Structures are given as C-alpha cells and as structure tokens.
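**Student:** When the letters of the sequence shown are read in order and numbered with mature numbering (1 follows the signal peptide of the UniProt record, and there is no 0), they come out as residues -24 to -1, 1 to 168.
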Amino acid sequence: MKKIVNFRMLALMALVFSATSTFSACSDKKDPVTPIETVVVSKEISGTASVSAAAYLNLKNNVAGAAEKDAQLSLSGMYGSTLAATADYKLGYFDSETLNFANLKLSEVKAQKLNPVEKLSIETSPSNAASAWLLYNMTTHAVSAKPNRFIVLTKGSSLTADATEVYIIKLKTVDVKSPAATYTFESKFIAK
C-alpha cells in the first residue's frame, strides 16, 4: 500500500510541476503590435491646368482630369493648387534635404514638422510664400519645382494622427506653355 501512495504522490507532484512550468512559460506582458505600413504603389501622374480652368486629380486611381467629385486635389489656374471642394482631406507640407522619396516611409513623414495649408502657391521672391511648391524666376521667367518640398495629403481629421489614407506627393516638373501648365508628380499612397 505504501508503494501505491508514493506512486500517487509522485503522479500528483508531476502534474503540479508540469502545470506550473507551463503557466510560468506564458507571460501576461503584451508586446505592442506595430502596425504594418501598406504602400499600395508609387505612381507618376501628370495634369494640365490652364489659366481659366482647374484640373482635378484623383491620386488614388492615378487619374488626371477626374471629375471634381472624385478628386483629392485641384490644380487651380496655372500655379496654384487647392484641395478639391468635395474632398475630406487635409493638406500640408514639409521640407527635407535627407529623405529619399522612393524609400519614404510613413514613420518618417510623421517624424517631420508638418505645416498645414489650405492651398499651395508659387514663390516669386525668396521666402514670400511659405506654402509654395513652385519657384518662379522673374528674370528668366522659368518655373520649377521647389526643391526638397514634400506635399502631404491625408484623409482624416488631422494631418497624420488619425489619417486613414496618406498621400505623399513630390512635384518633379512643371512645363509652362502659356496659357497652360503641365505638372508631373510622384505620388505615394499609404493606407494604414
């Protein structure tokens, strides 16, 4: 009878040991889940705007000349740009000499000082338009993209904190042939 009690005691101890070692291997500590950035695609898009007519851009579908109701951005006149009136987006910009557009990540955009704006404009003299994305040389009449300027367009109530869609736009070229201007952009769409 003594051997049976010892066997039962040994079995009970083995059961307790395996239960405690199993539970002690698990941890209540929850590691933070890092959201994955989904870069849908980097695209190039061109749009032409004349002095008297706006061109509407649908960046999500890469359509220049989109209907206003489907657009996120409007090239207004020849040198300005505004949010399309029907769009639920925020517009801003940041400047960086070190970031590479091709490898740009959302975390890098969020680390920048974003400047919210209602529209983008043209700079005709040094520092006369903080929100400029174009430079106009009054001597040569050449128009060029402002270097190191990144445009950020987001869907949500703020520029990045709760944005569900983020577009990063870099103006590559602007070709002015009066009375129209053709803009060529690089656009990167990131969904969170």
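Ideal Cβ positions, reconstructed from N, Cα and C, are used throughout, including at glycine.
Treat the numbers as computed from the prediction; the structure is a model and nothing was measured.
Give me the Cα-Cα distance between Ala156 and Val128, rounded to the nearest whole angstrom.
**Tutor:** Here residue 156 corresponds to residue number 180 of the sequence shown, with the count starting at 1. Here residue 128 corresponds to residue number 152 of the sequence shown, with the count starting at 1. Each residue's Cα considered, the two are about 25 Å apart.
**Student:** Would you check if the region 74 to 91 and the region 27 to 40 touch, i.e. whether three or more CB-CB distances between them fall below 8 Å?
**Tutor:** no
**Student:** Ignore the nearest five residues each way along the sequence and tell me which others in Thr(-3)'s own chain have a CB closer than 7 Å to its CB.
**Tutor:** The count along the sequence shown starts at 1 and reaches residue -3 at position 22. In this prediction, Thr(-3) has a pLDDT of 45, which is less than 50 and means its spatial position is unreliable; what the coordinates show is noted afterwards. Setting aside the 5 residues that flank it on each side, Thr(-3) has no residue in the same chain whose C-beta is closer than 7 Å to its C-beta.
**Student:** Leaving out five residues on either side along the sequence, give the residues of the same chain with a beta carbon under 6 Å from the beta carbon of Leu35.
**Tutor:** As a first step, residue 35 must be located in the sequence shown, where it is residue number 59. Within the same chain, Leu35 has close Cβ partners Gln48, Tyr143, Ser163.
**Student:** According to DSSP, simplified to helix, strand and coil, what is Ser72?
**Tutor:** Position 96 of the sequence shown, counting from 1, holds the residue named residue 72. Coil at Ser72, not helix or strand.
**Student:** Between which two residues does the alpha helix (DSSP H) carrying Leu82 extend?
**Tutor:** Taking the first residue of the sequence shown as position 1, residue 82 is located at position 106. 82 to 86 is the extent of the alpha helix (DSSP H) around Leu82.
**Student:** In the DSSP assignment, what residue or residues form a beta bridge with Ser151?
**Tutor:** Counting from one through the sequence shown, the residue named residue 151 turns up at place 175. According to the sequence provided, residue 151 is Asp. The question's Ser does not apply to it. Answer by DSSP bridge pairing, in chain order: Thr158.
**Student:** Return the residue from the list Asn91, Trp109, Leu67, Leu96 that minimises the CA-CA distance to Thr149.
**Tutor:** Against the sequence shown, residue 149 aligns to sequence position 173. Checking every option, the nearest Cα to that of Thr149 belongs to Trp109.
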